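>
There are 2 protein chains.
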Amino acid sequence: MSNAFVEKLRGYVSLTEEDTRLLTAACAMQRDVPARYDLIREGDKPVSVFVMLEGWACRYKLLPEGGRQITAFLMPGDFCDMHVAVLDEMDHSIATLTPARVATIDRAKMEKLIETRPAITRAFWRTQLVDEGVLRAWIVCMGRRSSVQRVAHLLCELYVRARSMGVVDAGRCELPISQIVLADALGLTPVHVNRVLRQLRLCGTMAKSARMLVIVDIVQMAAIAGFDENYLHQRLKRAA
Amino acid sequence: MSNAFVEKLRGYVSLTEEDTRLLTAACAMQRDVPARYDLIREGDKPVSVFVMLEGWACRYKLLPEGGRQITAFLMPGDFCDMHVAVLDEMDHSIATLTPARVATIDRAKMEKLIETRPAITRAFWRTQLVDEGVLRAWIVCMGRRSSVQRVAHLLCELYVRARSMGVVDAGRCELPISQIVLADALGLTPVHVNRVLRQLRLCGTMAKSARMLVIVDIVQMAAIAGFDENYLHQRLKRAA
DNA sequence: CGCGTTTTTGAAGCCCCTCAAGTGTAGTGG
DNA sequence: CCACTACACTTGAGGGGCTTCAAAAACGCG
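Chains C and W are the protein sequences, given in the same order.
Going by this note's numbering, the first sequence opens with residue 1, and the numbers climb by one from there.
Going by this note's numbering, the second sequence opens with residue 1001, and the numbers climb by one from there.
In structure tokens:
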């Protein structure tokens, strides 16, 4: 009786049955939260780790001027925070984008897993490194790519991540993300994201409705975006 | 007989004498490299970890269109890669910005340290998490801040990091970074960086010469940048 | 001193933003 | 079943921030 989180980690390293059992047990504390719910806010002292089991969430930071910048999307199986062990207070917030089911693992349990189960520790470390690669890819996108490339690149990333979770069907995948949220992630305005999406739709690469993304031509899409899936590393291995 | 790397880790966690000795010994393989030298290139298979002992370096990625995006600056004490343990090939390159002295720790030695010395492992993990915080801050900067704020923010970050290493003297610190490099890091053009620097100089917040940065008014600087040093976490503790 | 690189300054243009209004589309309650 | 409301999406017009192109001045280093 495993879950998206355990499955993802098993994609990174091979876990013994005992490891799997301990991980699943660690996710025993589960709860359902509505959409747009802050799991933790900037300034809070982190006391436990979150794991996304169902639904989507994002890391974000609010700016004094009022804007919002999203720095990561969290899908089922993703860790919310290793920060527990390190930070006195959160330097960003995490909020759900859809109704979600999350597990919380308290600090003590986390420490114990890390101290006693080397394979699990290694898996945690890997997720960390892959996430870092994604952050770097975002920086490259925001620094050096046009708005069309940026939108296409983000959609490619989300599509590939969804695919590696096996929730893609013939180029179609659920993507419950509004244009406003896309804009907050891309450093663009919702108005401009709208225009870019139309452009991509008109040239026949993809279509995006309220909660669905349809990739018509993934090759063209990747070409436009300058997308090189290599940076997602292990995530992809599972799709093959 | 310790070094910048060991000193930095000791700022994160308390290490026993044995830990310190092992870390210092791990850095025994040292070499000097000139400026603009690629320590490792995108596509290479990483075989060892680099540690900056003296000089500056940066992570960067070249784009098909010819541009370059820098994703991180590496100063003495910084790790170049934990990727050894995880990645089949590098998804970015690392190059020196100045003549530098680097230590290389091979994979086996690294694994052994991690397996046998929990305090060292913990310190590695922390550096990782702090670096991730810096990446997130960069994304926020590039997504939602004006060019003036971005330049000011980066200079604040570099200044504070330099300060925590103790190489700042009365608001002056060595910053051997050309405007071209700044532009590559900020996602701006060198021309515009130049104009922004003039603006900051004229309003009396800072002055930047070829290899020196003088912060005249750090408070005003931080105010312009929207700089909140909290995201650098442990790094700052050492400055106090 | 001489050469390459960096810095500086100017002029023109484009990409994306801002402001504004109108059009769906869900969900709610009468 | 149809207002009514609250959002999200869409489209237009105009402006500003940063880029592009170009060239001169200043710097650093053999």
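Yeah, the Cβ is synthetic: ideal placement off N, Cα and C, and Gly gets one too.
Since the model is a prediction, treat every value here as computed from it, not as a measurement.
Please tell me whether C/V102 and C/F50 are closer than 9 Å, where the distance is taken between their beta carbons.
Closer than 9 Å, so yes.
> So who's on the other strand from C/A103, going by DSSP bridges?
According to DSSP, which records beta bridges pairwise, C/A103 is partnered with C/Q30 and C/V51.
> Within the continuous beta strand (DSSP E) that includes W/L1213, where are the two ends?
Element bounds for W/L1213: M1212 to I1215.
> Going along the stretch 1149-1164 of chain W in order, which residues come within less than 9 Å of chain C, judged by CB to CB distance?
Result list empty, no residue passes.
> Between C/A240 and chain W, is any beta-carbon pair separated by less than 9 Å?
For C/A240, the predicted structure reports a pLDDT of 37, less than 50, and the residue's modelled location is therefore unreliable. A value from the coordinates is still provided. Cβ-Cβ to chain W under 9 Å: no for C/A240.
> Please confirm if W/M1142 has its CB atom under 9 Å from at least one CB of chain C.
Yes, its Cβ sits closer than 9 Å to a Cβ of chain C.
> For a contact meaning CB atoms closer than 7 Å, what does W/K1061 contact in chain C?
The contacting residues are V140.
> Using a Cβ-based criterion (distance less than 8 Å to any ligand heavy atom), does C/E42 qualify as near the ligand HEM?
The ligand HEM is not among the ligands present in this structure, which contains no ligands whatsoever.
> Excluding five sequence neighbours on each side, which residues of the same chain lie with their C-beta closer than 6 Å to the C-beta of C/L9?
Here the set comprises A123.
> Say whether chain C places a C-beta atom closer than 9 Å to the C-beta of W/R1235.
Reliability of the predicted coordinates at W/R1235 is poor, the pLDDT of 45 falling under 50, and the value obtained from them is presented with this limitation in mind. Taking Cβ atoms only, chain C never reaches closer than 9 Å to W/R1235, which makes this a no.
> Between which residues of its own chain and W/T1016 is the CB-CB distance below 8 Å, once the five residues before and five after are set aside?
Closer than 8 Å at Cβ, skipping near neighbours: A1119.
> Need the endpoints of the beta strand (DSSP E) that C/E229 sits in, please.
C/E229 -> no beta strand (DSSP E), and no H or E assigned at all.
> Tell me, please, whether the CB atom of C/N194 is closer than 9 Å to any CB atom in chain W?
No, no contact with chain W.
> With C-beta atoms as the reference, is C/A4 less than 9 Å away from C/M110?
For C/A4 and C/M110, no; Cβs fall outside 9 Å.
> Below 8 Å on C-beta distance, what does W/E1132 contact in chain C?
In chain order: Q128, D131, E132 and L135.
> Starting from W/I1218 and walking both ways along the beta strand (DSSP E), at which residues does that stretch end?
Not the beta strand (DSSP E): W/I1218 falls in the alpha helix (DSSP H), residues I1218 to A1225.
> Find out if the Cβ-Cβ distance for the pair W/D1078, W/M1052 is shorter than 9 Å.
Contact flag set, yes.
> Comparing the C-beta of W/K1008 with each C-beta of chain C, is any distance below 9 Å?
By this cut-off, W/K1008 is not an interface position.
> Can the beta-carbon of C/C58 be found closer than 9 Å to that of C/A185?
In contact: C/C58 and C/A185 (Cβ atoms closer than 9 Å).
> Along chain W, which residues have their Cβ under 7 Å away from the Cβ of C/D32?
The premise fails here: C/D32 is roughly 27 Å from chain W at the closest Cβ pair, so nothing lies under 7 Å.
> Could you tell me whether the Cβ of C/G226 comes closer than 9 Å to any Cβ of chain W?
By this cut-off, C/G226 is an interface position.
> Given a cut-off of 9 Å on the beta-carbon distance, is the pair C/P46 and C/E89 in contact?
Contact: yes.
> Is W/E1089 close to chain C? Criterion is C-beta to C-beta, closer than 9 Å.
True, the Cβ-Cβ gap to chain C drops below 9 Å.
> Which residue from W/V1193, W/W1056 and W/Y1231 puts its Cα closest to that of W/I1180?
Among W/V1193, W/W1056 and W/Y1231, the Cα nearest to that of W/I1180 is on W/V1193.
> Does DSSP classify W/Y1037 as helix, strand or coil?
Here W/Y1037 sits in coil by DSSP.
> I think C/D38 touches C/A95, with their Cβ atoms under 8 Å apart; what is that distance to the nearest whole Å?
With 8 Å as the limit, C/D38 and C/A95 qualify as a contact, their Cβ atoms being about 5 Å apart.
> Looking at the C-beta of C/Q220, does it have a partner C-beta in chain W at a distance below 9 Å?
Judged by the 9 Å Cβ criterion, C/Q220 is not in contact with chain W.
> Expressed to the nearest angstrom, what Euclidean distance is found between the alpha-carbon atoms of C/I139 and W/Q1069?
If I take the Cα positions, the gap works out to 8 Å.
> Using the C-alpha atoms, what's the distance from W/W1056 back to W/F1073?
If I take the Cα positions, the gap works out to 7 Å.
> In three-state DSSP terms, what is W/N1003?
W/N1003: coil per DSSP, three-state reduction.
> Kindly indicate the opening and closing residues of the alpha helix (DSSP H) around W/M1142.
P1118 to R1144 is the span of the alpha helix (DSSP H), which, as asked, contains W/M1142.
> Counting only Cβ pairs nearer than 8 Å, list the residues of chain C close to W/G1067.
By Cβ distance, chain C contributes R144.
> Applying a beta-carbon distance threshold of less than 7 Å, which residues of chain W neighbour C/G187?
M1142, G1143 and R1144, listed in chain order.
> Applying the 10 Å Cβ sphere with the 16-neighbour rule, what's the burial state of W/M1029?
W/M1029 comes out exposed.
> Quick one: does W/A1072 have its CB under 9 Å from some CB of chain C?
By this cut-off, W/A1072 is an interface position.
> So, are the CB atoms of C/V216 and C/M206 less than 9 Å apart?
Yes, these two residues count as a Cβ contact at 9 Å.
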